[in-house]
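Visitor: Have a look at this one before I ask anything.
There are 4 protein chains.
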Amino acid sequence: MAGKELDGFHFEQMHGKDRVRVARVWRARDGRHFMVEWNVSISLFSDCIAAYVRDDNSDIVATDTMKNTVYAKAKECTEQLSVEDFAILLAKHFTSFYSQVSGAIVKIVEKPWERVYIDGQPHEHGFKLGSEKHTVEVFVKKSGAVKLVSGIEELSVLKTTKSGFEGFIRDKYTALPETRERILATEVTASWRFPDISAVQLKMPNLHFLPVNISSKDNPAIVKFNDDVFLPTDDPHGSIQASLSHFWSRM
Amino acid sequence: MAGKELDGFHFEQMHGKDRVRVARVWRARDGRHFMVEWNVSISLFSDCIAAYVRDDNSDIVATDTMKNTVYAKAKECTEQLSVEDFAILLAKHFTSFYSQVSGAIVKIVEKPWERVYIDGQPHEHGFKLGSEKHTVEVFVKKSGAVKLVSGIEELSVLKTTKSGFEGFIRDKYTALPETRERILATEVTASWRFPDISAVQLKMPNLHFLPVNISSKDNPAIVKFNDDVFLPTDDPHGSIQASLSHFWSRM
Amino acid sequence: MAGKELDGFHFEQMHGKDRVRVARVWRARDGRHFMVEWNVSISLFSDCIAAYVRDDNSDIVATDTMKNTVYAKAKECTEQLSVEDFAILLAKHFTSFYSQVSGAIVKIVEKPWERVYIDGQPHEHGFKLGSEKHTVEVFVKKSGAVKLVSGIEELSVLKTTKSGFEGFIRDKYTALPETRERILATEVTASWRFPDISAVQLKMPNLHFLPVNISSKDNPAIVKFNDDVFLPTDDPHGSIQASLSHFWSRM
Amino acid sequence: MAGKELDGFHFEQMHGKDRVRVARVWRARDGRHFMVEWNVSISLFSDCIAAYVRDDNSDIVATDTMKNTVYAKAKECTEQLSVEDFAILLAKHFTSFYSQVSGAIVKIVEKPWERVYIDGQPHEHGFKLGSEKHTVEVFVKKSGAVKLVSGIEELSVLKTTKSGFEGFIRDKYTALPETRERILATEVTASWRFPDISAVQLKMPNLHFLPVNISSKDNPAIVKFNDDVFLPTDDPHGSIQASLSHFWSRM
Chain F
117 MAGKELDGFH
127 FEQMHGKDRV
137 RVARVWRARD
147 GRHFMVEWNV
157 SISLFSDCIA
167 AYVRDDNSDI
177 VATDTMKNTV
187 YAKAKECTEQ
197 LSVEDFAILL
207 AKHFTSFYSQ
217 VSGAIVKIVE
227 KPWERVYIDG
237 QPHEHGFKLG
247 SEKHTVEVFV
257 KKSGAVKLVS
267 GIEELSVLKT
277 TKSGFEGFIR
287 DKYTALPETR
297 ERILATEVTA
307 SWRFPDISAV
317 QLKMPNLHFL
327 PVNISSKDNP
337 AIVKFNDDVF
347 LPTDDPHGSI
357 QASLSHFWSR
367 M
Chain E
117 MAGKELDGFH
127 FEQMHGKDRV
137 RVARVWRARD
147 GRHFMVEWNV
157 SISLFSDCIA
167 AYVRDDNSDI
177 VATDTMKNTV
187 YAKAKECTEQ
197 LSVEDFAILL
207 AKHFTSFYSQ
217 VSGAIVKIVE
227 KPWERVYIDG
237 QPHEHGFKLG
247 SEKHTVEVFV
257 KKSGAVKLVS
267 GIEELSVLKT
277 TKSGFEGFIR
287 DKYTALPETR
297 ERILATEVTA
307 SWRFPDISAV
317 QLKMPNLHFL
327 PVNISSKDNP
337 AIVKFNDDVF
347 LPTDDPHGSI
357 QASLSHFWSR
367 M
Chain B
117 MAGKELDGFH
127 FEQMHGKDRV
137 RVARVWRARD
147 GRHFMVEWNV
157 SISLFSDCIA
167 AYVRDDNSDI
177 VATDTMKNTV
187 YAKAKECTEQ
197 LSVEDFAILL
207 AKHFTSFYSQ
217 VSGAIVKIVE
227 KPWERVYIDG
237 QPHEHGFKLG
247 SEKHTVEVFV
257 KKSGAVKLVS
267 GIEELSVLKT
277 TKSGFEGFIR
287 DKYTALPETR
297 ERILATEVTA
307 SWRFPDISAV
317 QLKMPNLHFL
327 PVNISSKDNP
337 AIVKFNDDVF
347 LPTDDPHGSI
357 QASLSHFWSR
367 M
Chain S
117 MAGKELDGFH
127 FEQMHGKDRV
137 RVARVWRARD
147 GRHFMVEWNV
157 SISLFSDCIA
167 AYVRDDNSDI
177 VATDTMKNTV
187 YAKAKECTEQ
197 LSVEDFAILL
207 AKHFTSFYSQ
217 VSGAIVKIVE
227 KPWERVYIDG
237 QPHEHGFKLG
247 SEKHTVEVFV
257 KKSGAVKLVS
267 GIEELSVLKT
277 TKSGFEGFIR
287 DKYTALPETR
297 ERILATEVTA
307 SWRFPDISAV
317 QLKMPNLHFL
327 PVNISSKDNP
337 AIVKFNDDVF
347 LPTDDPHGSI
357 QASLSHFWSR
367 M
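Protein chains in written order, with the numbering used here: chain F, 117 to 367; chain E, 117 to 367; chain B, 117 to 367; chain S, 117 to 367.
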């Protein structure tokens with residue numbers, strides 16, 4: 117955030133527009149249509165303390181203007197481009213067009229519209245929503261420096277075997293039995309930093325599938341379960357986050 | 117619902133268990149695994165007015181027992197079966213096992229776990245979550261009569277052209293221009309009734325993609341848009357529901 | 117729905133507009149402001165089969181027109197009115213203004229904006245969002261007949277004692293112990309039908325707070341719990357639905 | 117995150133348990149009950165690279181153990197305590213009980229259960245869910261150093277007048293008219309850092325209430341609106357984030 121000293125305090129702020137939804141269609145000469153749907157968030161760093169303390173908005177880019185800019189820039193893109201290129205183009209616009217804007221963050225989530233196939237043939241203008249989403253976040257400074265992170269989210273995967281968990285710490289709070297056979301499932305949120313791949317960040321919560329084991333000391337009749345009936349549950353869940361990076365990327 | 121006269125009023129009630137989540141794995145001899153994940157809701161119609169007016173639960177099937185039954189029945193299914201067959205099996209159990217249960221409704225939503233392909237080959241035990249969901253709702257009476265409705269939900273489709281809307285009523289509340297070219301998109305919820313197909317029900321809200329048209333009388337500089345940049349929006353949206361049925365299915 | 121015979125099938129349809137969000141402010145002469153925020157859904161029953169089979173929209177009320185009507189009618193209400201009165205007014209407009217509309221359903225959910233109190237005094241124009249929501253659903257026929265249902269939703273209540281569950285059926289699927297002491301909690305959805313109160317409908321799922329009991333045969337060190345630490349859970353949950361009605365209301 | 121060099125890469129990871137839901141009841145001698153419901157997330161920083169590269173879990177605290185610890189510690193709290201104190205107590209347990217844990221982050225969201233009043237009197241054991249939530253996030257290091265942030269979230273407020281927006285930058289992307297009269301509404305997420313208040317962070321997205329203005333060049337009949345009928349909308353929305361801090365808190 118852009119910092120400022122104010123009456124003995126340090127004041128930081130950014131402002132922007134979230135959830136600007138835009139779809140762009142490109143029509144090729146052969147009749148095929150290409151389309152994307154993007155959900156865009158913009159945050160600008162700028163010196164606009166006057167708006168907070170003196171009712172002076174003369175340095176303020178209205179968030180409605182930011183929204184219009186998304187549509188105008190989408191229009192200007194007459195050739196299909198990647199969500200990464202659009203995010204950079206948009207962020208660079210704000211830092212170069214407005215003198216008081218020192219930095220811009222643009223985040224975009226792309227909806228997974230996929231071309232429909234009919235009888236094995238790609239349809240010219242029909243699409244269907246798929247599953248995992250492509251994400252991008254770019255930070256552009258006034259100097260032109262670009263920090264770009266791409267990613268995916270909402271990718272759920274599962275395997276029914278070849279996962280175990282044993283040998284962990286056992287103490288007075290431990291009740292979990294060891295296991296050499298379990299369902300392993302997660303919803304992957306992954307991101308990676310450019311140029312080339314300089315760093316990878318992974319967030320992989322457990323999607324738990326607990327082996328069902330109904331027990332009651334008074335009721336031995338309930339059937340025995342042996343790792344074939346599972347209780348999927350969301351509350352609570354294990355979480356694992358990790359990142360891997362080149363040394364030079366952290367300098 | 118099961119009706120009852122009570123102090124001059126008509127009283128109806130049902131009780132059950134919602135959101136019983138169960139996963140079932142079947143392992144074939146050739147090493148391949150098959151799995152399903154179901155979210156089950158159960159409602160029982162029974163004469164249990166004593167529980168409401170006399171603190172007498174002796175006719176009450178505990179909803180915890182219903183939950184256990186889902187797991188026990190899933191376990192008993194040693195061969196893979198369709199979600200329809202499991203719903204019928206479960207509902208029939210409740211109406212036949214408990215004398216006071218006169219009817220049972222079982223609804224199941226199946227999560228779209230799909231087998232993963234690696235280098236074009238199906239993986240033995242790896243799965244990935246897809247998009248639209250398969251649904252089933254079955255109503256079984258004590259007599260054994262079955263009413264079965266299958267369906268899909270959350271199937272989003274879109275086409276970028278060959279849709280229009282013109283010739284509709286124009287009155288003093290009408291501002292919408294006619295169009296011969298627009299994006300048409302919807303999230304389909306469809307269901308159909310058996311045996312054979314006796315009725316089809318469709319719910320198809322518009323997923324609106326509005327042509328962008330930024331206007332300001334003071335600012336002619338904003339670029340002209342011609343049906344290539346769109347604003348996707350959820351609030352408000354048009355809704356269309358329709359059903360088609362054989363005469364005999366309505367008798 | 118409005119029915120129609122079509123090539124040997126029975127065809128029914130309705131169309132409308134969902135999620136029309138509108139806020140209305142009324143300003144009293146003494147400086148106080150009053151405001152409501154409503155989320156309106158409209159469904160019209162009409163004979164518009166020509167639109168489905170002959171590309172003829174001449175009997176179609178555009179859903180965009182329905183949306184505009186909500187705003188125009190809200191404007192015409194120069195005096196504050198109840199959400200019930202607005203729903204009736206709106207539904208009656210559609211059945212009387214359009215000759216081909218035989219019936220209209222209007223559903224409204226009112227957001228619980230509450231006046232703010234500062235130092236015990238009501239603020240003139242400040243509001244804060246509360247919790248449970250007021251709902252209304254009205255069905256108006258061409259004849260002018262009105263069926264009105266009011267309600268509340270998202271009202272969560274809880275008591276920490278004086279609830280039990282015992283004496284229920286015990287069979288081979290039962291593992292639940294009896295209890296004379298438990299937390300009882302639910303999220304109430306209630307509705308009632310007019311004139312006077314002719315019927316009441318209640319939907320009261322259990323919000324389960326399970327007594328915590330961590331057990332492990334190998335680990336006796338985990339502390340004993342006695343009904344003071346609970347696990348709140350959403351999956352699965354018991355559901356209870358009931359209605360009470362006058363006989364004459366069911367004729 | 118806890119860093120580690122690994123085959124020429126820098127590797128960081130943390131693991132924990134999210135969405136551990138716990139309720140705690142305290143019973144006073146005078147018959148009054150007190151209760152809280154907390155949703156707890158735990159992240160531990162520890163040196164457990166062996167688990168990633170050598171299948172060695174001997175340094176791993178199972179996330180199931182973390183969950184049990186929440187319940188055991190809640191049980192040990194025989195006197196009611198603040199959510200801040202519970203978060204600190206829990207985080208300090210992990211850093212002191214496990215030698216390999218170098219730091220712990222505990223986040224808790226408290227559900228706003230409020231005592232019910234009947235005829236103006238507080239009920240002994242009845243509660244009702246309110247609106248905004250209390251949050252806390254604490255970071256405890258092995259050394260015992262504590263960084264504590266408290267906050268609220270989901271507090272929606274609105275005023276119907278005395279807000280304007282004028283004098284902002286007008287450029288070729290600007291279409292927004294200036295206004296001296298509008299509804300101002302936001303959903304506040306606020307947090308503050310201890311000891312005393314060393315820093316305050318505010319996140320205040322606009323909840324837009326757009327003045328309705330239906331226009332159509334062909335249809336002048338639609339009523340004129342003058343700042344009394346509004347369209348509430350979520351997509352897109354302006355976002356404002358700011359923080360204020362003492363200099364010494366940033367050292």
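For glycine and all other residues, C-beta sits at the position ideal for the given N, C-alpha and C.
Would a C-beta distance cut-off of 9 Å place Met182 (chain S) and Lys133 (chain S) closer than the cut-off?
Guide: yes
Visitor: Mapping the DSSP letters down to three states, classify Ala91 (chain E) as helix, strand or coil.
Guide: Residue 91 (chain E) lies beyond the stretch modelled for chain E, which goes from 117 to 367, so this question has no answer here.
Visitor: Ignoring anything shorter than 3 residues or poking outside the region 169-208 of chain F, list the beta strand (DSSP E) runs there in chain order.
Guide: none
Visitor: Using a beta-carbon distance cut-off of less than 7 Å, what residues from the region 266-292 of chain B approach chain F?
Guide: Within the region 266-292 of chain B, Lys288, Tyr289, Thr290, Ala291 place their CB atoms closer than 7 Å to a CB of chain F, listed in sequence order.
Visitor: Residues of chain B with a CB under 9 Å from the CB of Asp350 (chain F): which are they?
Guide: Here the neighbours are Asp350, Asp351.
Visitor: If I measure Cβ to Cβ from Thr276 (chain B) and keep anything under 7 Å in the same chain, skipping five residues before and after, which residues do I get?
Guide: Excluding residues within five positions, the ones whose Cβ falls inside 7 Å are Ile299.
Visitor: Kindly indicate if chain E contains any beta-carbon less than 9 Å away from that of Ile299 (chain F).
Guide: yes
Visitor: Strictly by DSSP, which residues pair up with Met151 (chain E)?
Guide: E:Val141
Visitor: Considering Cα atoms alone, identify which of F:Gly124, F:Glu294, F:His131, F:His126 is closest to Asn322 (chain S).
Guide: F:His131
Visitor: Does the region 140-160 of chain B come within contact of the region 213-227 of chain B, defined as at least 3 CB pairs closer than 8 Å?
Guide: Contact between the region 140-160 of chain B and the region 213-227 of chain B is present, because at least three Cβ pairs lie under 8 Å.
Visitor: Assuming Glu240 (chain F) contacts Arg145 (chain F) under a Cβ cut-off of 8 Å, what Cβ separation, rounded to an integer in Å, is found between them?
Guide: With a Cβ gap of about 12 Å, Glu240 (chain F) and Arg145 (chain F) do not count as contacting.
Visitor: Is DSSP giving Thr211 (chain E) helix, strand or coil here?
Guide: helix
Visitor: Could you pull the start and end residues of the beta strand (DSSP E) that Lys288 (chain F) belongs to?
Guide: Careful: Lys288 (chain F) lies outside any beta strand (DSSP E) and carries neither H nor E.
Visitor: If we call anything under 9 Å between Cβ atoms a contact, is Arg286 (chain S) one with Asp334 (chain E)?
Guide: yes
Visitor: Compile a chain-ordered list of the residues in the region 248-265 of chain S whose CB is closer than 7 Å to at least one CB of chain B.
Guide: Here the close residues number zero.
Visitor: If distances are taken between C-alpha atoms only, which option among B:Gly242, B:Asp344, B:Arg170, B:Val254 comes closest to Thr302 (chain S)?
Guide: B:Gly242
Visitor: Does any CB atom of chain B fall closer than 9 Å to the CB of Asn335 (chain F)?
Guide: yes
Visitor: Would DSSP call Ile234 (chain F) helix, strand or coil?
Guide: strand
Visitor: How many angstroms separate the CA atom of Leu245 (chain S) from the CA atom of Val262 (chain B)?
Guide: The C-alpha of Val262 (chain B) is placed about 34 Å away from the C-alpha of Leu245 (chain S).
Visitor: Mind listing the chain S neighbours of Arg369 (chain B)? Cutoff is C-beta to C-beta under 7 Å, in chain order.
Guide: Examination of residue 369 (chain B) is not possible in this model, given that chain B is present from 117 through 367 alone.
Visitor: At what residues does the beta strand (DSSP E) containing Val328 (chain F) begin and finish?
Guide: Taken as a continuous stretch (DSSP letters only), Val328 (chain F) belongs to no beta strand (DSSP E), as it is neither H nor E.
Visitor: Terminal residues of the continuous beta strand (DSSP E) containing Thr251 (chain B)?
Guide: 249-257
Visitor: For Glu151 (chain F), which of F:Val169, F:Cys193, F:Lys120 has the nearest alpha-carbon?
Guide: The sequence shown places Met at residue 151 (chain F), rather than the Glu named in the question. Among F:Val169, F:Cys193, F:Lys120, the Cα nearest to that of Met151 (chain F) belongs to F:Cys193.
Visitor: Please list, in chain order, the chain S residues whose beta carbon lies closer than 8 Å to that of Ala203 (chain B).
Guide: Simply none; closest approach about 17 Å.
Visitor: Span of the beta strand (DSSP E) holding Gly219 (chain F)?
Guide: 217-226
Visitor: Please state the DSSP three-state secondary structure of Ile158 (chain B).
Guide: In the three-state DSSP reduction, Ile158 (chain B) falls in the strand class (E or B).
Visitor: Looking only at DSSP bridge pairs, what is Lys133 (chain F) linked to?
Guide: F:Ile158, S:Gly354
Visitor: Measure from the C-beta of His239 (chain E) to each C-beta in chain B and report whether the shortest distance is under 9 Å.
Guide: With 9 Å as the cut-off, His239 (chain E) does not count as an interface residue toward chain B.
Visitor: For Ala306 (chain E), does the three-state DSSP call read helix, strand or coil?
Guide: strand
Visitor: Leaving out the 5 sequence neighbours to the left and right, which residues in its chain are closer than 6 Å to Gly267 (chain B) when beta-carbon positions are compared?
Guide: Around Gly267 (chain B): Thr251, Ala306, Ser307.
Visitor: How close, in whole Å, do the beta carbons of Ala291 (chain B) and Ile330 (chain F) come, if the pair is a contact with beta carbons under 8 Å?
Guide: Contact holds; Cβ gap of about 5 Å.
Visitor: In whole angstroms, what is the alpha-carbon distance linking Arg366 (chain F) and Leu318 (chain S)?
Guide: Confidence in Arg366 (chain F) is poor, its pLDDT being 46 and thus under 50, which makes the residue's placement unreliable; the coordinate value appears in the next sentence. Computed Cα separation, rounded: 29 Å.
Visitor: Should Ala203 (chain B) be labelled buried (16 or more other beta-carbon atoms within 10 Å of its own) or exposed?
Guide: Ala203 (chain B) is classed as buried because its beta carbon has at least 16 other beta carbons within 10 Å across all chains shown.
Visitor: In chain E, which residues lie less than 7 Å from Asn329 (chain B) when you measure between Cβ atoms?
Guide: Under the 7 Å cutoff, chain E gives no residues; its nearest Cβ is about 14 Å from Asn329 (chain B).
Visitor: With which residues is Phe243 (chain B) paired in a DSSP beta bridge?
Guide: Note: Phe243 (chain B) sits in a beta bridge opposite B:Arg231, S:Leu274.
Visitor: Using DSSP with H/G/I as helix, E/B as strand and the rest coil, what is Ile299 (chain F)?
Guide: coil
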